[in-house]
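Chains as they are written, first to last, in my numbering: chain Z, 1 to 140; chain P, 141 to 280; chain Y, 281 to 420; chain E, 421 to 560. Where is the CB? At the ideal position from N, CA and C, for every residue including glycine. For clarity, every value in this text was computed on a predicted model and none was experimentally measured. For reference, the structure is listed below as C-alpha cells.
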C-alpha cells in the first residue's frame, strides 16, 4: 500500500467525529486489511452494561470500509451501501477490536467482511461478524 | 399496550448510555411500533459532515428492538441477533427519525423492520431501511 | 411502463430455464412492481413436504429483479448483487406468489424488496421477506 | 461425528426432492462442515446461460444448514431463519461446489456461512458467499 493511501485512510478516519466520540483508533492498516479498536466507554453501553451494538457496528463497518479503501485508487472514496451484522456474544471486556477485509474487489462494488472481538487481557471472544457492500465513489 | 410494557420500554431505553451519548429520545410507543429520534450532533458525524451510519444503525436497531419488546410478555427482554441496514441516502438534516415495526412475531424469534428518515423542517428523506431478527430472552 | 420494457421483461423471464423447471409464471408487471407465481411441484419440495426455500428464493429474487428492471432504460439489464431472505412460515398451499417492488432507485444500485405468500384457496400466508441490491448493467 | 448423525444428514438430504431436481449431491460431511455439489443442468440456467442464483442459493443454504445439523444432538433438525447471499461472479463451469460451516453454535440459534465455487477442470472461482441463521427444532 502506498504512503498516500495510508495517509488518505488516516485523514478520513480523523475526520469522522463519531470515531472520536466512541474513542476508536486505527490500530492496523495494510493492503486489504484494516483494524480499528475502541475501549468500551461508559457512554457506549447498552442496558445490561455491555458494549452497545452501535459501537460494534461503528468499528466493524469502518474497518470493512477502510479495507475496501486500501485497495482503491487514491482518487476514490467508499460508501457503505448495505451491511449485515450478526451479534454472536455479549460485548464485554477491556476493548473491542474490529478487523475488516476484502472478500471480492470490484470497480463498481467491493464486498467486505469484518470480525469484531472483545478483548479481556490476552483473551479474545468473537462478538460480531459483519458482511456488506461498499461502493467506490470519486473523492469529493 | 399495557402501562407496564410502556414503562418497561422507557426504563430499558433510559438505561442505554449510548442513547444519551447520541442524544436519542423515545418519541412514540404503541403495540408493535416504536419511534426513536435523534439530533445530528457534531460528535455523531462522519467524514463528509453527514450523520454517521452508526447513529442511523443505533436508532434503527433500537426502534426495531423495542417494537418487538412491545408485543412480548413483561417477563421478557429482546436481543438483536442480526440486523441488515441499507443506507439509501446521505443522512443530513435537523433530525433522524427511526420507526420500527414487527414483521412476524414468534415465541423464539421476532422478525422486525425499521425505516430511518432525515427530517429538515417538515420534509423527510428516507435514509435507511433495516431488517433483522430479535430473540426474546427471560428478563434478567 | 412502455410496451418495450414489458416485452424486455417477458423475454428475459422466458430465457430463464430455471423458471420453467420450477413452473414459475410472470403474473403481473407494472412500473416498479412485478409478481411471479409458482405451483409447489413435487420436485420443488424440501424434506418435510413444504416448498423448498430455493423455490421461494427463486421467485422472490426474480420478482425483485424485474421490479428493478421495470424502471430502467431499455438498454440495461440487472444483476442481483446480494439478497437476504427471511423465511417466516412453512411454504405450503396451492401456489407461491412473489411480489417485488423498488425501495430506492439509483443509477448505480437499486434497492428492492419482495414478499412471498403461500396461497391456499383465497387465503394467503406471508412466508418470506426478501431485501436486496440490484446492479444495472448495459444489456448484452 | 457419530454414524447416526451422518445417517440423519444423508436421510434428510435424500428426502429433499429439490436436491434431486437440481442434481445436487452430498460430497463431504464432517463435524461442522458439509459440502454439496451440483452440475449446472440445462434446466438450472438463468437468462445469460450461467447457473441461476436459485441453484447457488439452494446448495449454499443446504450446505450451511447441514453443517449446523452436524453439530446438534440427533433428536433435532434445523430450519433456515434467514440467509443473505452475495453473488460475487457469474456461475459458469462444470460444477458448483458449496461448502458450509458453523460460525457460532448455540442452543437457540446457529450462525453459519457457506462459500460456493464454480469449478472448471481443476480451477475454482468464488461465486457466492452466504451468511445466515439456523434454528434448531425438535425432530418431527
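- Annotation: residue 383 of chain Y is outside any alpha helix (DSSP H); the continuous beta strand (DSSP E) that includes it extends over 375-384.
- The C-beta of residue 332 of chain Y comes closer than 8 Å to at least one C-beta of chain E.
- Residue 6 of chain Z and residue 233 of chain P have their C-alpha atoms spaced approximately 32 Å apart.
- Taking the beta carbon of residue 501 of chain E as reference, the chain Y residues within 8 Å of it are 366, 367, listed in sequence order.
- Residue Z/115 holds the alpha-carbon nearest to the alpha-carbon of residue 102 of chain Z among Z/3, Z/115, Z/26.
- Residue 17 of chain Z places its beta carbon less than 8 Å from that of residue 184 of chain P.
- Residue contact with chain P for residue 42 of chain Z: present (Cβ-Cβ distance below 8 Å to some residue of chain P).
- Interface residue (Cβ-Cβ distance to chain P less than 8 Å): residue 549 of chain E is not classified as such.
- Rounded to whole angstroms, residue 545 of chain E and residue 471 of chain E show a C-alpha spacing of 13 Å.
- Scanning chain P for C-beta atoms nearer than 7 Å to the C-beta of residue 521 of chain E yields nothing, as the closest lies near 17 Å away.
- Taken atom to atom, the span from the alpha-carbon of residue 389 of chain Y to that of residue 144 of chain P is near 44 Å.
- Taking 8 Å as the CB threshold, residue 209 of chain P stays off the interface with chain Z.
- Comparing alpha-carbon positions, the option among E/558, E/486, E/480, E/502 lying closest to residue 431 of chain E turns out to be E/486.
- Note that the C-beta distance between residue 149 of chain P and residue 210 of chain P is below 8 Å.
- At a cut-off of 8 Å, the C-beta of residue 524 of chain E has a neighbouring C-beta in chain Z.
- Remark: C-beta atoms of residue 228 of chain P and residue 203 of chain P do not approach each other more closely than 8 Å.
- Our two residues, residue 35 of chain Z and residue 1 of chain Z, have alpha carbons roughly 15 Å apart in a direct line.
- Only residues of its own chain outside the window of five on either side were considered, and among them 513, 514 have a CB closer than 6 Å to the CB of residue 540 of chain E, listed in chain order.
- Residues are counted here when their Cβ sits less than 7 Å from a Cβ of chain P; for the stretch 289-311 of chain Y the count is zero.
- The beta carbon of residue 494 of chain E lies closer than 7 Å to those of 424, 425, 428 in the same chain, with the five residues before and after it left out.
- Secondary structure at residue 467 of chain E: coil, using DSSP grouped into helix, strand and coil.
- Identification of chain E residues near residue 185 of chain P by a Cβ-Cβ cut-off of 8 Å yields none; the smallest Cβ-Cβ distance measures about 29 Å.
- DSSP places residue 429 of chain E within a helical segment (H, G or I) once states are collapsed to three.
- For residue 384 of chain Y, the closest of P/247, P/230, P/244 by C-alpha to C-alpha distance is P/230.
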